[in-house]
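This report concerns only the one structure given below.
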Amino acid sequence: MINILENDLTINDIETAYRKLKSMAYYDTHDLYLKSRIASFETGIELGLRASGALNYELIDFQEKLDNLHQALTSNVQENFIEYWKNLYNKIDYRILPKKVKSYNDYNNKKRKNEEHLIESVFTNIREIEDEENYEFDKLTFFFEAPVEIHIVSILWIMKLGYHLETDLHEKCYGNRLILNKKKANSTENKVTDDSSLFKPYYNQYQKWRDEGISVAKSYLENKQDVLFLNIDIKDYYYSIRFNFNDLEKRLENKQLEDYSTLSDVFKKIHTVYTEKLKKTKYPNDFIKDVADNETVLPIGLASSYILANWYLKDFDSRVHQNIRPIYYSRYVDDIFIITANPDPKFDSEDNCKNAEIGFDEKFPDSYFENLTIEEKHIIKTLHPVITLENTPKELLRIDKTIGNKIFKIQCYKNLYIQPSKTLVYFFDHNSSLALLEKFKNEIEKRSSEFRFLPDEKLAENGFDDEAYELVFDDSLHKVKTLKDYKENRYGIASHLSKKIFYSLRNGKTDNKKDVKKILKFFKGTTNLEHFRQWERLLTYFVVNDNKEEFIEFSVNTFEQIFNLPMGTRFKRYNLNYTRIAVDLLEHYSIAMEMAIALNPTFYKPVEDRILKVFKRFYHDFNHSNTRPLKIFSNWQKYRLSNMLRHNYVNIPLLNYTKVNIETTLLETNFSKINMDEIDFSEILLKYSPRRVRFCEVAWMECIKRVHNTREVTPFQNRINNDSLYNEDEGNNQYLDESFEIYFKINYWYKLGDISFKECLKKEIFNYGEAFHISEETNNKKDWKLLGHEISVNQNEKLEKLKVGLANMKVESSNYESSMLGKPKLANRYLQFAKILNEAEAEKCDLVVLPELSLPHGLVKTVMEESWNHQRAIVSGIEHWTHNNVVFNFILTLLPCEIRGIKDTVPILRLKNHYAPSEEFWINEYRRVIPKPAPFRYHLLRWKGLYFTNYYCFELADIIHRSIFRSKIDFLIASEWNKDVNFYSNITETTSRDLHCYFIQVNTSDYGDSRVTRPKKTESRDSLRIKGGLNTTLLVDELDIKKLRAFQYKGFGLQRDDKEFKPTPADYKHEDARRRQENKSFRKN
């Protein structure tokens, strides 16, 4: 093929492909190697090398690598790049990780009973977890290993050519589907979106694949039809594929291939080189040696393999629909779900595949079924002729003797056999109860809602064992359940550790030592190696809880188990030795350790020497048999410099995007312990963010930065003028505008020059502007000024009734006092908020209101996450926040929204306009200063068609301030910490009448009078009211907004006859009620 200049492939394409690769690797929970390679590629810190000299965030060599790749792909003189490509091809390799582990001792004494059935029953020998002397592996998995440039080529191929294959796929093919833009069919622009995303989110796609069929089956059963569920999985799918690039070239137009000739040639060569490497190992079976010269396997871990793996089975999809005609069919790559109703085993076919034309009766006479199970008969009768039953090839029996002498195979494909152990058959008789199907569905929903609620006190009560193991019962004996076995619950282990990390980060204390011991005991012997994917999560758990001794103990145990492998011994099934596997396991452990340490580097210094000393002792014993350099214990710094660490563990959002000292812990919740002079954003980290950043994260960090830019003041000043969040007078953007600029730069780098798009996007997130202002002058001198700004969020939805939850909780003065002194308390407080927020989720509240000074700074991130996850508005007072002797008292409002399909929330902070006299006195007594907003500021908040505002208690004591929103709001929120409940009770009742709105008041529970007041008669005005109570709880009420507005628009006579509410006050602007009904703005422009 003649190489022409590929002038359509720009350096921007290379950078975009790299961003997509980095994002894909970031979200991949399994492939730690690719994360490590990307971190090395971007930082220049290679594996096995210690970083030296100054480490910074400006990585020049990284850009040169991208430029070199661009030149190699676009040059019309490829002879100049022969050595470049040869060097990359030579580095293509594989990584080996265990899939199943066994010990010699265990298998000498305890052997599993092997049934000659194609559908294996689940059975696990009950055994004690103990240290074994030697191990070997039952099953292995090979992963693609290559330089990052090779992975970028794979992404580029998808962007320029691979996306065309998407149109060939069946609509019910859910796995690894590309996110495509909505350009017109004749557009010359890329069909793959320009942002850093590539594939549709796994969870959403998997949920569709899983759930839709259940709904279809239920409807058929309800219509008196029997239903058959069949779930099959192809054995070693990626490495059993025989992909012919001639077929691919026929599908793609010649012009497309010519335009990207070098890219196409390199892409094909990648597969050829890897397949040749794999053939030498005889993995996954002896069939690999028969791969033809024009065929390749698909590497696991190369992004393009996911596209090609989908496309490879497109003819199978068609055959299922033509020949089987199921009521439901879906496929998640090689995981196939088929549902049939009243299946008829007689078929006719016009398929081009000759094997599919054989009639059922001709192929399978009645005598054939005599020795088959019911499940096996169902599969044959349901899926003939697309799936057949064959004698198990010797190539498979050599690898796995438990398969049996018969195996299912997909017709018209070489070597695509069905996994016996993963084949599931369910038959539902319409005359039977739907309870089993409902149970099946409920179990799935239970698992999918595992993280809907915050980890609470149940997590503290339930130990590790409760989730790490599940019991297996046998109810076949006299209909009585008997304990038959137990098995390790992989999902339960991962779930428990994740929730424990979440809990520890937010609860501000170390975890239960007894539970830690149970975890260490579990990760011993074969169990440790079987669950190697949990190593990073477990090491992070130790780092978060400052469990240094446990960190060392686990490391020593892991080294011991790895080095107990039979080093130098050839693996029986494949052409490789155990030393190679041990090296890959050690590198996996090293990466897991580095990623955990990157979150808090100070944790590792006291334990480093002890871990290295133990490792060297083990390593010395087998170093002579190592076949290649052992690349472990490289620098954790590269994960910080490239941002390839777990962002969800960073307590101060986006701290990892700043130039903060690289050794600073990212787990800190106390802002005062962070050197905030270093929190300017790093341009390189913003440019190559591995994930989409939410607006609320940027806005909260911007607030933190502005507070910490407060100039130092002397303790003898009682008050200073300060409104750093909104100070437009000094030429600064208010914090929301500045936050949007940063948000846009991170997420929409490909749209930086599109001003129209930028302005449109900003209005989708929030709309900010002045609604009114008032002032007072004496002798032509302005005494004060008050601004009312309207902030509009999420006007795509409209609520006519509002379900509101009031937090009944005690706000301890000792907590906000400690916070004011720069020593916030977090220990044991998280559970209080978890209870409130979980109850809000259970009740499906639209809005939750908490008291003044209730929310610790360290839990703001948690509350924001709850707001965006559940699209719930939250209003709360934040504890006193001190910087440079200035004590801030903010009220926080979180207004959730969706931004281009991504859940988010807009955090709106407002500084208290009037500190209470006792509060001011108390702060001054500690030699600290009150910030005074100049001008005074309040917000008219619009969200989901609702209009409201919020106040602190002493602000309501100002008769002018509390009257400014008359006729403009549906409800007013008062977040309070207030002893004088009688005085404010009168204000609440008066204000509700004067402004003619609902009044939501939330006070600390020990003083009480939390309530929902309506502009009604005295005997019915309070729909909810409470005081006291030892337990934290949520009180729920519903506000009928539509009914209130309709009443307000009426004249006095109609209002008097209606009697639903008290009549509106004098000079009430009834047109404002209509304005709210029509969801119109009160802004001046």
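When we follow numbering that gives the first Met the number 0, the leftmost residue of the sequence shown carries the number 0, and every step to the right adds one. Backbone N, C-alpha and C define an ideal beta-carbon position, used for all residues, glycine too. Remember, predicted model here, so these are calculated numbers, not experimental data.
{"Query": "Check whether the region 540-559 touches the region 491-505, taking contact to mean three or more Cβ pairs, one atom from each stretch, closer than 8 Å.", "Result": "yes"}
{"Query": "Work out the CA separation of Ile-596 and Asn-625 for me, nearest whole Å.", "Result": "Annotation note: pLDDT 49 at Asn-625 (below 50); position unreliable, no value reported."}
{"Query": "Measure the C-alpha to C-alpha separation of Thr-42 and Ile-10 and round it to an integer number of angstroms.", "Result": "19 Å"}
{"Query": "Confirm, please, whether the CB-CB distance from Asp-845 to Val-792 is below 8 Å.", "Result": "no"}
{"Query": "Comparing alpha-carbon positions, which option in Arg-324, Ser-329, Asn-717 lies nearest Asn-341?", "Result": "Arg-324"}
{"Query": "Please confirm if Glu-763 has its CB atom under 8 Å from at least one CB of chain D.", "Result": "Absence of chain D from the displayed structure is noted, only one protein chain being present."}
{"Query": "Mind checking which residues open and close the alpha helix (DSSP H) that includes Gly-524?", "Result": "524-529"}
{"Query": "With H, G and I counted as helix, E and B as strand and the rest as coil, what does DSSP make of Cys-896?", "Result": "strand"}
{"Query": "Going by Cα to Cα distance, which pick from Ala-806, Glu-924, Val-692, Phe-228 is closest to Ser-196?", "Result": "Val-692"}
{"Query": "Can you list, in chain order, the residues of its chain whose CB lies under 7 Å from that of Gly-161, leaving out five sequence neighbours each side?", "Result": "Ser-303, Ile-306"}
{"Query": "Are the beta-carbon atoms belonging to Ile-1040 and Lys-800 less than 8 Å from one another?", "Result": "yes"}
{"Query": "Output yes or no for whether 8 Å exceeds the beta carbon distance between Ser-866 and Ile-873.", "Result": "yes"}
{"Query": "So, does the region 511-525 touch the region 568-587, judging by three or more C-beta pairs under 8 Å?", "Result": "no"}
{"Query": "Any idea if Thr-73 is buried or exposed, counting beta-carbon neighbours within 10 angstroms, 16 or more meaning buried?", "Result": "buried"}
{"Query": "Of the residues Ile-386, Arg-330, Asp-993, Glu-607, which one's Cα is nearest the Cα of Pro-1014?", "Result": "Asp-993"}
{"Query": "DSSP state of Asp-1056, grouped into three classes?", "Result": "helix"}
{"Query": "Fully enclosed by the region 56-100, which alpha helix (DSSP H) runs are 4 residues long or longer?", "Result": "59-73, 81-89"}
{"Query": "For the region 998-1030, list the beta strand (DSSP E) runs that are entirely contained and at least 3 residues long, ordered along the chain.", "Result": "1009-1012, 1021-1025"}
{"Query": "Between the alpha carbons of Ile-326 and Tyr-201, how many angstroms are there, rounded?", "Result": "24 Å"}
{"Query": "Using the beta-carbon count (16 or more within 10 Å), is Ala-770 buried or exposed?", "Result": "buried"}
{"Query": "Jot down the residue ranges of each uninterrupted alpha helix (DSSP H) in the region 190-246, minimum 4 residues, whole runs only, in chain order.", "Result": "201-221, 236-239"}
{"Query": "Cutting at 7 Å between CB atoms, please list the residues of its own chain near Phe-1051, excluding the five before and the five after it.", "Result": "Pro-1062"}
{"Query": "Per DSSP, what kind of secondary structure is Phe-333 in: helix, strand or coil?", "Result": "Reading the sequence as shown, one finds Asp at residue 333 and not Phe. It is coil, neither helix nor strand."}
{"Query": "Whole angstroms is fine: what's the gap from Asp-167's alpha carbon to Lys-313's?", "Result": "7 Å"}
{"Query": "Excluding the 5 residues preceding and the 5 following Lys-190 in the sequence, name in chain order all residues of the same chain whose CB lies nearer than 6 Å to its CB.", "Result": "Tyr-162, Leu-179"}
{"Query": "Please return the same chain residues whose Cβ sits closer than 7 Å to the Cβ of Thr-713, not counting the five positions on each side in sequence.", "Result": "none"}
{"Query": "Decide if the region 732-746 is in contact with the region 692-704; the criterion is three or more beta carbon pairs, one per stretch, under 8 Å apart.", "Result": "yes"}
{"Query": "If you drop the 5 nearest sequence neighbours on each side, which residues of the same chain put their C-beta closer than 7 Å to that of His-882?", "Result": "Val-706, His-707, Thr-709"}
{"Query": "Tell me whether Val-121 is buried or exposed, calling it buried when 16 or more other Cβ atoms sit within 10 Å of its Cβ.", "Result": "Confidence at Val-121 is low in this model, with a pLDDT of 29, below 50, so its placement is unreliable and no value can be given for it."}
{"Query": "Relative to the C-alpha of Met-1085, which residue among Ala-1045, Asp-1005, Tyr-273 is closest?", "Result": "Given a span of 0 to 1084 for the chain in the structure shown, any question on residue 1085 remains unanswerable."}
{"Query": "Please list the terminal residues of the continuous alpha helix (DSSP H) segment that includes Pro-747.", "Result": "For the record, residue 747 in the displayed sequence is Tyr; it is not Pro. Run containing Tyr-747: none; DSSP gives neither H nor E here."}
{"Query": "Between which two residues does the beta strand (DSSP E) harbouring Ile-406 extend?", "Result": "405-409"}
{"Query": "Taking only the alpha-carbon atoms, compute the straight-line gap between Phe-602 and Leu-96 and give it to the nearest angstrom.", "Result": "28 Å"}
{"Query": "Leaving out the 5 sequence neighbours to the left and right, which residues in its chain are closer than 6 Å to Ser-554 when beta-carbon positions are compared?", "Result": "Ile-610"}
{"Query": "Rounded to whole angstroms, what's the CA-CA distance from Ile-492 to Tyr-412? Just pull it up for me.", "Result": "38 Å"}
{"Query": "Express the C-alpha separation of Asn-981 and Glu-988 in angstroms, rounding to a whole number.", "Result": "11 Å"}
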